[in-house]
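Some notes on the structure that comes next.
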Amino acid sequence: MRTITVSRYVTPLREGGSMPAVVEGDDLGLYVLKFRGAGQGVRALLAEMIAGGIARALGLPVPEIVLAQLDPALAQTEPDPEIQDLIRASDGLNVGLDYLSGAANFDPAVDSVTDDFASRLVWFDTFVGNVDRTARNTNLLVWHRNPWLIDHGAALTFHHAWNGTVALPAKPFAPIADHVLLSRATALAAVDAELAARLTPEVLQGILAEVPDEFLVLAGVDHADDPLAAPASHRQAYADYFAARLAGRQTWLQGAIDARG
Numbered sequence: 001m002r003t004i005t006v007s008r009y010v011t012p013l014r015e016g017g018s019m020p021a022v023v024e025g026d027d028l029g030l031y032v033l034k035f036r037g038a039g040q041g042v043r044a045l046l047a048e049m050i051a052g053g054i055a056r057a058l059g060l061p062v063p064e065i066v067l068a069q070l071d072p073a074l075a076q077t078e079p080d081p082e083i084q085d086l087i088r089a090s091d092g093l094n095v096g097l098d099y100l101s102g103a104a105n106f107d108p109a110v111d112s113v114t115d116d117f118a119s120r121l122v123w124f125d126t127f128v129g130n131v132d133r134t135a136r137n138t139n140l141l142v143w144h145r146n147p148w149l150i151d152h153g154a155a156l157t158f159h160h161a162w163n164g165t166v167a168l169p170a171k172p173f174a175p176i177a178d179h180v181l182l183s184r185a186t187a188l189a190a191v192d193a194e195l196a197a198r199l200t201p202e203v204l205q206g207i208l209a210e211v212p213d214e215f216l217v218l219a220g221v222d223h224a225d226d227p228l229a230a231p232a233s234h235r236q237a238y239a240d241y242f243a244a245r246l247a248g249r250q251t252w253l254q255g256a257i258d259a260r261g
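With UniProt numbering, letter number 24 in the sequence shown gets 24, and the count goes up by one each step, no holes.
What follows is the structure in structure tokens.
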């Protein structure tokens with residue numbers, strides 16, 4: 001995964017609850033920056049990286065994810081005190097996504113996707129526990145006439161209150177009932193075997209290996225006596241969870257199928 005240095009704060013994206021921003025990198029590219037000092041903090045960045053990596057492994061379109069080094073001195077050029085505070089609170093590594101210039105928000109009343117795409121997306125969102133793909137907030141963009149997945153900071157809901165183990169990893173994901181494309185996901189059973197086969201232990205370990213130790217250390221604060229205390233065991237806890245979720249997927253997959261009615 002590439003690392004860029006943020007050279008300029010361009011504009012806030014105030015439609016996002018955590019107020020991400022468009023920034024320019026030292027490579028002259030534009031990125032949507034997710035701040036470690038915002039909202040759910042570093043766990044939202046972990047979800048962005050891990051869920052985004054899983055989506056890509058499943059063949060779903062996600063903008064390039066980069067690590068972004070942020071200097072708090074950039075706050076000095078911003079007149080808005082809220083933005084100043086956010087930049088200062090996000091000193092160090094953050095997460096950026098390639099900015100898709102000219103992209104439009106996906107509108108389910110206007111934009112169409114295939115049932116196959118909808119099924120793959122619903123499978124993915126059920127697997128990673130993504131609560132934020134509803135008709136109200138699709139977190140899908142249309143770019144060059146194709147759908148793109150964005151904003152996975154609300155995925156991996158289990159990791160906001162865990163000690164490295166999850167009691168029921170195969171539990172159906174009830175929020176999938178509100179998924180914007182659930183009605184089009186007619187091929188969930190048909191795509192299941194292919195998608196599960198893509199997520200080998202090696203693939204998942206590779207995704208987790210890209211997560212900086214720094215993020216895992218911050219997320220593991222106050223976990224001195226459980227697997228989240230050290231980066232290596234923290235990564236393994238995620239790997240164990242995903243392995244167990246895959247092993248029990250018939251339960252949560254049937255839950256998604258049943259939610260279609």
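Virtual Cβ for every residue (Gly too), placed ideally from N, Cα, C.
- Thr138 sits buried, since 16 or more C-beta atoms from the chains shown fall within 10 Å of its C-beta.
- The beta carbons of Ile150 and Pro63 sit about 7 Å from each other, so the pair counts as a contact at 8 Å.
- Counting only residues of its own chain and dropping the five nearest sequence neighbours on each side, Thr11 has a CB closer than 8 Å to the CB of Ala21 and Val22.
- Secondary structure at Arg8: strand, using DSSP grouped into helix, strand and coil.
- Judged by beta-carbon spacing, Val166 lies beyond the 8 Å limit of Phe173, meaning their Cβ atoms are not closer than that value.
- In this model, Ile257 and Glu214 are separated by some 39 Å (Cα to Cα).
- Taken through DSSP and simplified to helix, strand or coil, Gln205 comes out as helix.
- Per DSSP, Tyr238 has no beta-bridge partner at all.
- Take Asn130, set aside five residues on each side of it, and the residues of its chain with a beta-carbon closer than 7 Å to its own are Ala51, His152, Ala154 and Ala155, in chain order.
- Counting the other Cβ atoms within 10 Å of the Cβ of Arg245 gives 16 or more, which makes it buried.
- In the three-state scheme derived from DSSP, where H, G and I count as helix and E and B as strand, Pro147 is classed as strand.
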